[in-house]
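Here is the structure we will look at.
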Ligand SMILES: Nc1nc2c(ncn2[C@@H]2O[C@H](COP(=O)(O)OP(=O)(O)OP(=O)(O)O)[C@@H](O)[C@H]2O)c(=O)[nH]1
Ligand SMILES: [Mg+2]
């Protein structure tokens, strides 16, 4: 089955991973695509290392959460760290220049065409 | 203590130039076929994750010795469809129960639209979802997942009445297990969304 256990039953563990912070960038969407801008370095937090490896090719915030087995809220904080350190960049759903300039109907037509061509 | 189990993940990476992530959400009652629908159209094996919300409503807080009392966890799964090199559609299967809607804005704002899956044997399971989607102004369609045990075989017109669905909301049959049928659900929704956008853009 697709379901697999995700350990969130232990708030202390999440607290440790995030250093007790609860603030994450507001604009970090579930489907913001995260891309590594550098290789992991020695001494980095293991979750940061895993995100950097995962995002050598773009990966959505929600994919990172599933791969790391961590709640989305925790991944937002971790990705926020990496953004602040400029070790990753984020391609936001609405910020993509190709999309922002198009009327909504053009985007939807692209979706429709993409689905029809599956 | 740490009970996380990692399956070997057969990850299919996105195109290096992928830049736009889009969202469509599949909601419905327990066991209505949400995961099955996501799986039948997804290019990856559906992945599962969850969001935890504290009483305060943001992030993970240290909860003063009462961790269970003040956090809500909602699990959801998702699949992915690369529409083009640059555009990726994520399809989320999410429960329609009450506590889930507390997370809607946080997780699914900016969603293109929603699919409400219905099992005619438990039609009332989707009332709440329809009500919330209307409340959030999220465009949606209703897809009736026909199980073999669907002996009642309600025609769509009766289902529309039973759900008090306005005429402008598309209502279709589907078989969530069949890729072509799942694809048809998404195309019908995208077509509906396109029509809505065109109507908005041409006064
Ligand atoms: N006969 C039949 N069985 C189906 C159909 N769609 C789903 N099922 C089965 O119904 C069961 C529930 O389907 P799921 O896709 O897991 O339903 P779900 O909505 O994700 O369920 P929860 O996430 O537990 O709420 C599974 O055993 C499916 O194989 C269908 O169209 N016909
Ligand atoms: Mg499911």
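Residue numbers (full-length UniProt numbering), protein chains in the order written: chain A, 1 to 118; chain B, 1 to 203. Where a beta carbon is used, it is the ideal one built from N, C-alpha and C, also for glycine. These numbers come from a predicted model, not from an experiment.
- Classified as buried, residue 87 of chain A has 16 or more neighbouring CB atoms from the shown chains inside 10 Å of its CB.
- At least one heavy atom of ligand 2 is found less than 7 Å from the C-beta of residue 35 of chain B.
- Taking non-hydrogen atoms of ligand 2 into account, the C-beta of residue 21 of chain B is found less than 7 Å away from none of them.
- Inclusion of residue 175 of chain B in the 7 Å shell around ligand 1 follows from its C-beta lying nearer than that to a non-hydrogen atom of the ligand.
- Taking the C-beta atoms as reference points, residue 144 of chain B is found nearer than 8 Å to residue 120 of chain B.
- Chain A places no beta carbon closer than 8 Å to that of residue 34 of chain B, leaving this residue out of the contacts.
- In the DSSP assignment, the residues bridged to residue 95 of chain B are B/28.
- Shortest gap from the CB of residue 147 of chain B to any heavy atom of ligand 1: under 7 Å.
- For residue 114 of chain A, the neighbours in chain B by C-beta distance under 9 Å run, in chain order, 81, 82, 83, 84, 87, 89 and 190.
- Interface residue (Cβ-Cβ distance to chain B less than 8 Å): residue 108 of chain A is classified as such.
- Straight through space, the alpha carbons of residue 26 of chain B and residue 79 of chain B are spaced by roughly 11 Å.
- Cβ neighbours of residue 156 of chain B within its own chain (closer than 6 Å, five residues either side excluded): 171.
- Given a length threshold of 3 residues, each whole run of the beta strand (DSSP E) inside the segment 94 to 162 of chain B is given here in chain order: 113 to 118 and 140 to 145.
- Taking 8 Å as the threshold, the shortest C-beta distance from residue 25 of chain A to chain B does not fall below it.
- Cβ atoms of residue 62 of chain A and residue 90 of chain B come within 8 Å of each other, at about 7 Å.
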